[in-house]
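Residue numbers (the working numbering), protein chains in the order written: chain U, 256 to 731; chain Z, 105 to 364. Quick reminder that beta carbons are idealized off the backbone N, C-alpha and C, glycines included. As the structure is a computational prediction, the values presented were derived from the model and not from experiment. So the structure is just underneath, and the comments pick up after that.
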């Protein structure tokens with residue numbers, strides 16, 4: 256029995272609680288009498304109308320499973336017990352409805368599920384300054400560390416050299432990252448909550464405004480920059496598109512190119528990487544997509560995209576019922592592809608092992624393509640020239656790798672290293688570029704204790720309560 | 105009773121689940137022990153076993169050309185009458201709970217008299233009501249209460265809207281608690297605030313409220329702990345209100361016996 260498991264051993268404390276509970280029960284019954292009568296009348300009226308089909312004609316609350324005491328002293332809930340005690344002390348006990356409302360408005364949560372540590376989501380190396388930079392989608396930060404930092408196994412965490420975060424930064428769910436090799440400027444892409452690409456100077460720290468902002472379509476994810484052409488590429492998850500801006504674009508500037516449409520085979524695109532040697536663009540796709548109407552111009556119609564050319568067609572012009580789940584894929588295009596054009600090549604099929612392929616980096620000199628396979632807890636390496644249903648040439652995976660839900664990666668060709676941002680375990684891990692199998696990382700940067708649980712909450716939007724299992728269901 | 109940095113008990117994710125990383129609604133069906141999630145990118149409604157875990161495929165999928173689904177971001181489930189409700193801006197689509205495949209809606213609530221904008225829906229099977237929250241473009245947010253079986257161009261029975269309501273911008277899916285006739289709505293606050301707002305709160309109304317009626321209670325704000333509230337759910341067993349907050353990136357549980 257729940258009460259038995261959580262028996263209050265102090266007799267004085269038990270008496271106090273019972274007294275409070277008796278008072279509260281009486282107070283609630285009296286307070287709700289008017290509303291109950293009102294509801295009862297409404298219920299009867301609603302229930303007596305014939306509808307020609309089966310109706311619910313009565314409803315009774317299920318009996319409490321563990322008796323009245325359990326209602327007030329839930330199992331294993333010290334916090335709720337405290338809350339009920341605290342509840343009894345509220346000003347509403349003295350009377351006025353206004354005071355009761357004020358008390359409820361100010362009421363503190365009894366519990367809060369929240370990760371206290373940074374969850375790294377994307378990563379890039381500042382080669383010139385020998386630093387590694389990461390976005391944190393849990394505490395909404397951008398963190399810079401020494402490239403050679405290594406958190407000892409016994410240490411709680413590694414302190415970053417610099418941190419950016421706070422409302423002025425507009426940093427929130429930053430999922431894509433680019434470091435300007437010329438000056439160390441940090442470009443950080445937001446996904447789903449703030450439709451603004453933020454750019455900071457390398458020296459920026461604390462809660463400071465971005466040095467530059469760009470209003471983007473909703474649902475950006477990946478970023479890649481062609482330094483020679485001074486062009487910036489962004490994937491758009493929600494509209495299955497790629498938009499290309501001037502690298503120096505600012506504020507409300509419109510994209511200069513758009514890649515979108517059924518022929519592109521873009522489907523919930525995430526990562527993007529450029530091979531400027533061979534003039535190619537690589538995109539990872541999770542596979543969910545719907546078609547857009549073809550009788551409307553590629554000019555924004557809503558919000559910040561209004562009247563802008565090369566703005567992705569949004570979900571408001573989706574073709575009803577055209578949605579589908581395509582297999583996950585890598586699609587390859589000419590670097591300057593635009594409009595509704597088919598990819599030059601597609602890598603997809605069961606041999607690829609794709610399972611939410613997310614981060615991507617191409618090494619044209621070695622003809623290699625690196626993919627962070629989010630739900631596979633692994634890094635997949637393919638021939639960059641691969642096509643069709645092909646197996647990876649290397650797989651980096653296993654408990655020694657410490658790879659867990661890798662959402663970002665970075666290929667450091669100067670130091671011949673591969674970096675992985677592990678959203679699932681508070682770490683960024685680095686390996687030799689050629690590592691494969693269950694290989695331990697060369698170094699680890701950790702934001703919290705090694706045994707800290709990882710809730711992996713990322714923009715929790717809806718919530719449901721599972722009455723059968725006493726569980727909270729939270730899609731992210 | 106999870107609290108702090110709790111590890112999830114189970115996770116449903118991955119390619120075979122047909123889910124994505126951008127999910128905006130969920131409904132648990134305690135009668136049939138299932139839950140439903142809309143997949144907005146793929147215009148699909150995914151129904152899973154209540155105990156689903158890992159990379160588990162949905163038990164049923166509503167998707168295809170007959171569905172009329174456009175951007176199904178949110179939904180509600182009526183486990184008593186076996187129906188699924190999907191708000192689609194100017195209309196509400198209704199499907200059979202057991203629908204699977206390319207299923208047409210069994211009825212559609214749509215037309216100028218409805219007053220929709222529909223951003224979020226909830227069902228009260230006890231009082232036979234459909235409660236819709238949303239706003240027509242460039243109009244204020246309102247709570248619209250229809251007969252549960254309303255279809256076509258039907259007027260709402262009651263509309264809660266106006267300055268006293270403090271209904272600025274809906275935060276996420278709302279909830280109803282039928283036994284006491286509560287309507288629980290999350291409000292983000294100032295429409296211009298993308299990141300956080302002091303005006304964020306959860307408000308509680310009654311199904312019989314009509315017109316410019318202030319919430320009977322607010323919790324978490326305004327000027328409270330909530331910074332950018334999203335979804336709400338009730339836990340009748342423990343007399344609690346569960347709330348998600350985007351800026352806190354957290355799930356908060358309030359002890360709220362007055363709701364029940």
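Asked	Found
Which of helix, strand or coil DSSP assigns to residue 147 of chain Z	coil
Option nearest residue 612 of chain U by Cα separation, candidates U/500, U/392, U/523, U/502	U/523
C-beta neighbour in chain Z for residue 623 of chain U, strict 8 Å	no
Exposure label - residue 348 of chain Z; buried when at least 16 CB within 10 Å	buried
Best match in U/625, U/630, U/632 for proximity to residue 640 of chain U [C-alpha to C-alpha]	U/625
Interface flag, residue 172 of chain Z vs chain U, CB-CB below 8 Å	yes
Inter-residue CB distance, residue 691 of chain U and residue 650 of chain U (contact presumed, cutoff 8 Å)	6 Å
Candidates Z/303, Z/192, Z/147, of which the one nearest residue 206 of chain Z by Cα	Z/147
Closer than 8 Å to chain U by CB, residue 169 of chain Z	yes
Opening and closing residue of the alpha helix (DSSP H) in which residue 360 of chain U lies	352-360
CB contact flag (residue 346 of chain Z, residue 720 of chain U, <8 Å)	yes
Endpoints, the beta strand (DSSP E) within which residue 197 of chain Z is located	195-200
Nearest to residue 478 of chain U (by Cα), restricted to the options U/438, U/432, U/515, U/521	U/432
Within-8 Å CB hit, residue 309 of chain Z to chain U	no
Classification of residue 295 of chain Z by the beta-carbon crowding that lies within 10 angstroms, buried from 16 upward	exposed
DSSP-derived helix/strand/coil call for residue 669 of chain U	coil
Burial state of residue 436 of chain U, where buried means 16 or more other Cβ atoms lie within 10 Å	exposed
Stretch-stretch touch, CB-based, cutoff 8 Å, three pairs: the segment 385-403 of chain U with the segment 418-432 of chain U	yes
Endpoints, beta strand (DSSP E) assigned at residue 684 of chain U	682-687
Which of helix, strand or coil DSSP assigns to residue 363 of chain Z	helix
Proximal residues of chain U, C-beta to C-beta of residue 128 of chain Z below 9 Å	716, 717, 730
Helix, strand or coil at residue 251 of chain Z [DSSP, three-state]	strand
Integer Cβ distance of residue 313 of chain Z from residue 264 of chain Z, believed to fall under 8 Å	5 Å
Chain Z contacts from the segment 505-529 of chain U (Cβ-Cβ distance under 7 Å)	523
Under 7 Å (Cβ pairs) to chain Z, residues found in the segment 550-574 of chain U	570, 573
Segment contact, 8 Å Cβ cut-off, at least three pairs: the segment 252-259 of chain Z with the segment 280-293 of chain Z	no
Presumed contact (8 Å Cβ cut-off) between residue 364 of chain U and residue 357 of chain Z, rounded CB distance	6 Å
Neighbouring residues, chain Z, relative to residue 361 of chain U (Cβ below 7 Å)	328
Alpha carbon of residue 316 of chain Z to alpha carbon of residue 268 of chain Z, nearest angstrom	6 Å
Cβ-Cβ separation, residue 176 of chain Z to residue 192 of chain Z (assumed contact under 8 Å), whole Å	7 Å
Residues near residue 646 of chain U in its chain [Cβ-Cβ closer than 8 Å; skip 5 each side]	606, 607, 608
Residue interval of the beta strand (DSSP E) (run including residue 441 of chain U)	441-445
Cross-chain neighbours of residue 338 of chain Z in chain U, by beta carbon under 7 Å	720
Beta-carbon spacing of residue 249 of chain Z, residue 311 of chain Z below 8 Å	yes
Proximity test, Cβ basis, 8 Å: residue 393 of chain U and chain Z	yes
DSSP-derived helix/strand/coil call for residue 203 of chain Z	coil
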